[in-house]
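Undergrad: Residues 1225 to 1353 in this note's numbering are what the sequence shown spells out, letter by letter.
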Amino acid sequence: DSDAVDDIDLTEQLIALRRLSLILDDNFDTFQMEDMGRMWENMVIVLVPERTFSTSSSALFRRRKRQKETGFRFTYSADEIVIVHVPIDFGDEEIIEEFKRNLNDFNKLVGNGMEDLYPSWLKDYAHGF
């Protein structure tokens, strides 16, 4: 991923970070930053190069409907960190919708930890060691 960031012009990165900081500030309540504090404290946002496909709202809608990638990727690491890959050419409304669509699910993982995904007998077994 560091190679991808190296492919992005420094000025583009700074502009994207400024836009992102304004969006996060404007949507503090929408993104439930206070309620989901643990997740936000451990979140890593990675800028990736611009997309090679059409990013019009209709094209992105069709990609989502066909379950194709939109350029955004949310992953969860074993250290309970949410990693969000954001294309450098993100639209304001697009990133807001992506965050709204994914944050609750990832907050549940971070809030409860991976242990809650396993059956109780396995947790009891694991705690015996």
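Ideal Cβ placement from N, Cα and C applies to all residues, glycine included.
1) Taking buried to mean at least 16 other C-beta atoms within 10 Å of its own C-beta, is L1319 buried or exposed?
2) Specify the secondary structure class of E1317 as computed by DSSP and reduced to three states.
3) Let's test the definition: count the other Cβ atoms within 10 Å of the Cβ of V1268 and tell me whether it reaches 16, buried, or not, exposed.
4) Identify, in the order they occur along the chain, each residue of the same chain with its Cβ nearer than 6 Å to the Cβ of E1322, setting aside the five sequence neighbours on each side.
5) Closest to G1315 by CA distance: which of T1299, R1275 and L1327 is it?
6) Does the count of Cβ pairs from the region 1292 to 1311 and the region 1259 to 1267 closer than 8 Å reach three?
7) Which first and last residues belong to the alpha helix (DSSP H) in which F1298 is found?
TA: By the coordinates alone:
1) For the purposes of this step, residue 1319 is taken as the residue at position 95 of the sequence shown. Sequence inspection shows Ile at residue 1319; the Leu mentioned does not correspond to that position. Its Cβ being crowded by 16 or more others within 10 Å, I1319 is buried.
2) Locating residue 1317 in the sequence shown gives position 93, counting from the first residue. The three-state reading of DSSP puts E1317 in helix, counting H, G and I together.
3) Position 44 of the sequence shown holds residue 1268. Answer is exposed; the Cβ neighbour count stays below 16.
4) Here residue 1322 refers to the residue found at position 98 of the sequence shown. A distance below 6 Å between beta-carbons, with the five flanking residues on each side excluded, links E1322 to the following residues of its chain, in chain order: F1296.
5) Within the sequence shown, numbered from 1, the residue matching residue 1315 stands at position 91. It is R1275.
6) Contact between the region 1292 to 1311 and the region 1259 to 1267 is present, because at least three Cβ pairs lie under 8 Å.
7) Taking the sequence shown and counting its residues from 1, one reaches residue 1298 at position 74. Under the DSSP assignment, F1298 falls outside any alpha helix (DSSP H), being part of the beta strand (DSSP E) whose first and last residues are R1297 to Y1300.
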